[in-house]
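Novice: Below is the structure I would like to discuss, written out as C-alpha cells.
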Amino acid sequence: MAWPMSDDDEEIILADLNDEELVQQMFDDLYDGLKEEIEESVHILLERGWEPYRILTEALVGGMTIVGNDFRDGILFVPEVLLAANAMKGGMAILKPLLIATGAPRMGKMVIGTVKGDIHDIGKNLVSMMMEGAGFEVVDLGINNAVEKYLEALETEQPDILGMSALLTTTMPYMKVVIDTMKEKGIRDDYIVLVGGAPLNEEFGRAIGADAYCRDAAVAVETAKQFVARKHNQGVAR
Amino acid sequence: MTDALTALLQERDWLMADGATGTNLFNMGLGAGDAPELWNVDAPEKIRALYASAIDAGSDLFLTNTFGGNAARLKLHDAQSRVRELNRAGAEIGRELADKAGRPVVVAGSVGPTGEIMAPMGALTHAAAVEMFHEQAEGLKDGGADVLWLETISAPEEYRAAAEAFALAGMPWCGTMSFDTAGRTMMGMTSSDMVAMVEKLPNPPIAYGANCGVGASDLLRTVLGFAAQGSERPIISKGNAGIPKYVDGHIHYDGTPELMADYAVMARDCGATIIGGCCGTMPEHLEKMHEALSTRPRGPRPTLDEIAETLGGFSSASDGTGDDAGPARRRTRRRA
Chain A
1 MAWPMSDDDE EIILADLNDE ELVQQMFDDL YDGLKEEIEE SVHILLERGW EPYRILTEAL
61 VGGMTIVGND FRDGILFVPE VLLAANAMKG GMAILKPLLI ATGAPRMGKM VIGTVKGDIH
121 DIGKNLVSMM MEGAGFEVVD LGINNAVEKY LEALETEQPD ILGMSALLTT TMPYMKVVID
181 TMKEKGIRDD YIVLVGGAPL NEEFGRAIGA DAYCRDAAVA VETAKQFVAR KHNQGVAR
Chain B
1001 MTDALTALLQ ERDWLMADGA TGTNLFNMGL GAGDAPELWN VDAPEKIRAL YASAIDAGSD
1061 LFLTNTFGGN AARLKLHDAQ SRVRELNRAG AEIGRELADK AGRPVVVAGS VGPTGEIMAP
1121 MGALTHAAAV EMFHEQAEGL KDGGADVLWL ETISAPEEYR AAAEAFALAG MPWCGTMSFD
1181 TAGRTMMGMT SSDMVAMVEK LPNPPIAYGA NCGVGASDLL RTVLGFAAQG SERPIISKGN
1241 AGIPKYVDGH IHYDGTPELM ADYAVMARDC GATIIGGCCG TMPEHLEKMH EALSTRPRGP
1301 RPTLDEIAET LGGFSSASDG TGDDAGPARR RTRRRA
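Line by line, the protein sequences give chains A and B. Quick note, in our numbering, the first sequence goes up one by one and the last residue is 238. Quick note, in our numbering, the second sequence goes up one by one and the last residue is 1336.
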C-alpha cells in the first residue's frame, strides 16, 4: 500500500498524498474518529478543485459506509461510531454551505421521534447521529410523540422519511396508530416510514404497514439510502 | 457491620432475586409513558403488591421501584426535584415488607442508567453523573435499602461513576450490565472486560453480573464468560423471560415458567449465585424458578450447545471473548 500503516511512526502529511491515497486516508481517519484530520482533508480536496458533492459521496459517505458495515457486523460499537459521526459532521460543516450554493442533490431529510408513551431515546439519538453522519438532514422530535406531533412535523418539514422508535413492548403498537392515521389522511405513500427499537422485528414492521424495520442505526442508514434512491428513480418530486 | 446481602451469601450458596418490575406494573395499570417511580408516593399499595409478589414467590432479595429515579430520567416527567423523595419512598415500602417477611429478605435499591451518553462522545460529564447517582443513592439509603443495585448499564464510564457515587453514600452495592449487542453491551464491553473493570474498582460490588439483554440463552453465555475469568466474586444472572413477540396486536414474552425454571438451574450451573429474572418475568415464573432451584440437583457447567438446545439459540455467533472473538477491525494508522 502506498500510505503508511500503523506500525510506521512517521507522521502522515495529508497534503503530500495524491487524491486516491488521500481518500483512503480519510476512510481510515473517519474510522478512527479524527475530526481535525477529516476537516483538513476536506479543505485539501476543495483546493484541488473537487466538487463538494464528490467529496461528500466519495470520501465522507464512502468512509462512513465502512464504519456502518463494521458496526452492523459487531466489529465496531457505539463509542467508535459516535466519534466517526462526529468527525463526519466536522467535514459536513465545511461542505454544507457549498453544497447548497452549488445546488447539489440532497441526501434526504428525516423526521424522527420516539412514539407516545415511550420515554426512551438512546436508540433514536444514535440513529439521528448516524443519519447526520451519512449526510442526511435530521429533525428530531424527541420522546413521547403523539400522532398530531408527527403529522405537524411532516407538514412543516416535508421530509423524505419518517422514523419512529419505541423501546417498550407496550408502546410499539402506537406506531400503527400513526401509520393508520397517515393512511386515513391519504399521505402514507408520500413518505418512507422506517421503524426501529429493541423489541421490534421485521414481522412487526410489515404487520403495521411500515416500509421497513431497521435493526440498528447502521441498518437504518443503509435502508434510508436505498429507499431515497428508489424514490428519486421513480421521479417523485418533493 | 456486615450488610444483609453479604450475611445471606455467607449462609447460602444460591439466592433468588426478583423478576420484572415494568412488566408487572403495566399489568397493574401503569400508563405507557408514565414514570413508575411516582407510584411510590401516589399508589404505594400497588408497589407493596409488586414487592409482596416477589417475596411470596420465594425471592431472597427484591429490587425497589426506583430504576428511573435519577434526575436525568425524572426530568422527562418534570420530577427532577423529587429524586430524594421518590427513592426514599420506594425503599421505605420495601423495608416495611422485608422486615415482616419472617425470613431474611434483602431490599436492593434499584439504580438504572441516566439514559445520557457520557463524555467525550456525549454531553454527560463524569462529575455530573456521580452527582446524579449520589443523590439517588442517598434517597435509597434514607428509605432503608440494604444495598444499592445498579442495573442495565451499557457504558463502563457510567458503571464507574455509579460506583464512585455509592462510595460517597457509604453503601454496599451490586451492579449488572446489559449485554444486548452481539453478546456485548451497546458500548462494546464484553463479559471479560467487565470482570477486569469490576476487579479494578476501589469499592468493588458485593456481586456483579448481567441483566436484561436479549434472551435467557445469551444471558447464560455472558455468565459463562464471567465465570471463565476465575473471579471469586458472586455472579448475578437476571435474564428476560424469553424474547418479546408481537402476536395478533399484543406483545408477549415467549419464555414460559417452565423454561425460566430450566434457565434458573442452568444459570446456577454456569456459575451464578444470585439468580432472578428481568422483563417478562412474572410471579408464576418466579415460583417455578424457586421450586427448581430448591429441588433440582446441581449439575456440571453446561456447554453453549446445551444452553441453545434447552433455552433456544443465541443472537450472535460470537460474544467477543476467547479465541473466537469475531472478525477484526480495519487496520488504520492510529491503532494496530
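Every residue gets a Cβ at the ideal spot worked out from N, C-alpha and C, and that includes glycine.
So the alpha helix (DSSP H) Ser1217 of chain B belongs to, where does it begin and stop?
Specialist: Against the second sequence, residue 1217 of chain B aligns to sequence position 217. Counting along the chain, the alpha helix (DSSP H) containing Ser1217 of chain B begins and ends at 1216-1227.
Novice: Any C-beta of chain B sitting closer than 8 angstroms to the C-beta of Lys116 of chain A?
Specialist: In the first sequence, the residue the question calls residue 116 of chain A occupies position 116. Judged by the 8 angstroms Cβ criterion, Lys116 of chain A is in contact with chain B.
Novice: Measuring straight from C-alpha to C-alpha, what distance separates Pro1300 of chain B and Leu1148 of chain B?
Specialist: Taking the first residue of the second sequence as 1, we reach residue 1300 of chain B at position 300. Taking the first residue of the second sequence as 1, we reach residue 1148 of chain B at position 148. Answer to the nearest angstrom: the Cα atoms are 32 angstroms apart.
Novice: What do you get for Asp1218 of chain B, buried or exposed, if any count of 16 or more other CB atoms within 10 angstroms of its CB means buried?
Specialist: The residue given as residue 1218 of chain B occupies position 218 in the second sequence. So Asp1218 of chain B ends up on the buried side.
Novice: According to DSSP, which residues form a beta bridge with Arg1184 of chain B?
Specialist: As a first step, residue 1184 of chain B is located in the second sequence; it is residue number 184 there, counting from the start. DSSP lists B:Thr1181 as partners of Arg1184 of chain B.
Novice: Check Trp1039 of chain B in the structure and name its three-state DSSP category.
Specialist: Reading the second sequence from its first residue, position 39 is the one you call residue 1039 of chain B. Reduced to three states, the DSSP call for Trp1039 of chain B is helix.
Novice: Which same chain residues end up closer than 6 angstroms to Ile1047 of chain B when comparing Cβ atoms and leaving out the 5 residues on each side of it in sequence?
Specialist: Along the second sequence, read from residue 1 onward, the residue named residue 1047 of chain B stands at position 47. Trp1039, Asn1040, Asn1065, Ile1093.
Novice: What residues from chain B crowd round Tyr240 of chain A, counting only those whose CB sits closer than 8 angstroms?
Specialist: A question about residue 240 of chain A goes unanswered here, because the residues of chain A that appear run from 1 up to 238.
Novice: Any residues in the region 1184-1197 of chain B with a beta carbon nearer than 7 angstroms to a beta carbon of chain A? Which ones, in chain order?
Specialist: If the cut-off is 7 angstroms between Cβ atoms, the region 1184-1197 of chain B has Arg1184, Met1186, Met1187, Gly1188 near chain A.
Novice: With a threshold of 16 other CB atoms inside 10 Å of the CB of Leu1140 of chain B, please say whether the residue is buried or exposed.
Specialist: For the purposes of this step, residue 1140 of chain B is taken as residue 140 along the second sequence, with counting starting at 1. So Leu1140 of chain B counts as buried.
Novice: For the structure I just gave you, are there three or more beta carbon pairs, one from the region 177-197 of chain A and one from the region 149-166 of chain A, closer than 8 angstroms?
Specialist: The answer is yes - the region 149-166 of chain A touches the region 177-197 of chain A, with three or more Cβ pairs under 8 angstroms.
Novice: Is the number of C-beta pairs between the region 1204-1215 of chain B and the region 216-227 of chain A that are closer than 8 angstroms three or more?
Specialist: Touching, no, given that fewer than three Cβ pairs across the two stretches are closer than 8 angstroms.
Novice: Taking buried to mean at least 16 other C-beta atoms within 10 Å of its own C-beta, is Glu132 of chain A buried or exposed?
Specialist: Sequence index remark: in the first sequence, residue 132 of chain A carries index 132 (1-based). When all chains shown are included, Glu132 of chain A counts as buried.
Novice: Pairs of beta-carbons, one from the region 1072-1079 of chain B and one from the region 1305-1323 of chain B, closer than 8 angstroms: are there three or more?
Specialist: The region 1072-1079 of chain B, when compared against the region 1305-1323 of chain B, does not touch it at the 8 angstroms Cβ threshold.
Novice: For Thr63 of chain A, would you say it is in contact with chain B, using Cβ-to-Cβ distances shorter than 8 angstroms as the test?
Specialist: Here residue 63 of chain A corresponds to residue number 63 of the first sequence, with the count starting at 1. The amino acid occupying residue 63 of chain A in the given sequence is Gly; Thr does not appear at that position. So no, Gly63 of chain A is outside the interface.
Novice: In whole angstroms, what separates the C-alpha of Asp1056 of chain B from that of Gly1102 of chain B?
Specialist: Within the second sequence, residue 1056 of chain B is the residue found at index 56, counting from 1. Within the second sequence, residue 1102 of chain B is the residue found at index 102, counting from 1. Computed Cα separation, rounded: 11 angstroms.
Novice: Measure the Cβ-Cβ separation of Ala247 of chain A and Gly68 of chain A and say whether it is below 8 angstroms.
Specialist: This structure does not reach residue 247 of chain A, given that chain A is present from 1 up to 238, and the question cannot be answered.
Novice: In terms of residues, what are the limits of the beta strand (DSSP E) holding Ala1207 of chain B?
Specialist: Translated into positions along the second sequence, residue 1207 of chain B becomes position 207. 1207-1212 is the span of the beta strand (DSSP E), which, as asked, contains Ala1207 of chain B.
Novice: Going by C-alpha to C-alpha distance, which of B:Met1177, B:Asn1027, B:Ser1053 sits closest to Pro1113 of chain B?
Specialist: As a first step, residue 1113 of chain B is located in the second sequence; it is residue number 113 there, counting from the start. Ranking B:Met1177, B:Asn1027, B:Ser1053 by Cα distance to Pro1113 of chain B puts B:Met1177 first.
Novice: Please name the residue in B:Gly1230, B:Gly1143, B:Asn1240, B:Gly1271 whose C-alpha comes closest to that of Thr1256 of chain B.
Specialist: For the purposes of this step, residue 1256 of chain B is taken as the residue at position 256 of the second sequence. If we check each option's Cα against that of Thr1256 of chain B, B:Asn1240 comes out closest.
Novice: Per DSSP, what are the beta-bridge partners of Tyr213 of chain A in this structure?
Specialist: In the first sequence, residue 213 of chain A corresponds to position 213, counting from 1. In DSSP, Tyr213 of chain A forms a bridge with A:Val195.
Novice: Report the rounded CA-to-CA distance for Pro1202 of chain B versus Ala1098 of chain B, giving the unit in angstroms.
Specialist: Counting from 1 along the second sequence, the entry for residue 1202 of chain B is found at position 202. Counting from 1 along the second sequence, the entry for residue 1098 of chain B is found at position 98. The alpha-carbon atoms of Pro1202 of chain B and Ala1098 of chain B are separated by roughly 30 angstroms.
Novice: Give the secondary structure of Thr1066 of chain B by DSSP, where H, G and I count as helix, E and B as strand, and everything else as coil.
Specialist: Along the second sequence, read from residue 1 onward, the residue named residue 1066 of chain B stands at position 66. DSSP places Thr1066 of chain B in coil when its eight states are reduced to three.
Novice: Sort A:Ile119, A:His120, A:Arg54, A:Asp140 by Cα distance to Ser128 of chain A and report the nearest one.
Specialist: The residue labelled residue 128 of chain A in the question sits at position 128 within the first sequence. Checked all of A:Ile119, A:His120, A:Arg54, A:Asp140; the closest Cα to Ser128 of chain A is A:Asp140.
Novice: Contact criterion: CB-CB distance below 8 angstroms. Does Ile179 of chain A meet it with respect to chain B?
Specialist: Here residue 179 of chain A is taken as the residue at index 179 of the first sequence, counted from 1. Not an interface residue.
Novice: Check whether the Cβ of Gly1242 of chain B lies closer than 8 angstroms to any Cβ atom in chain A.
Specialist: As a first step, residue 1242 of chain B is located in the second sequence; it is residue number 242 there, counting from the start. By this cut-off, Gly1242 of chain B is not an interface position.
Novice: Between Arg1335 of chain B and chain A, is the shortest Cβ-Cβ distance under 8 angstroms, so that the two count as touching?
Specialist: Here the question's residue 1335 of chain B lines up with position 335 in the second sequence. Caution applies to Arg1335 of chain B, whose pLDDT of 44 falls short of 50 and renders its modelled position unreliable; the value that the coordinates give is listed next. For Arg1335 of chain B, the answer is yes, since a Cβ of chain A falls inside 8 angstroms of its Cβ.
Novice: Gly205 of chain A to Asp189 of chain A, Cα distance in whole Å?
Specialist: For this step, residue 205 of chain A is matched to residue 205 along the first sequence. For this step, residue 189 of chain A is matched to residue 189 along the first sequence. Those two C-alpha atoms are separated by around 15 angstroms.
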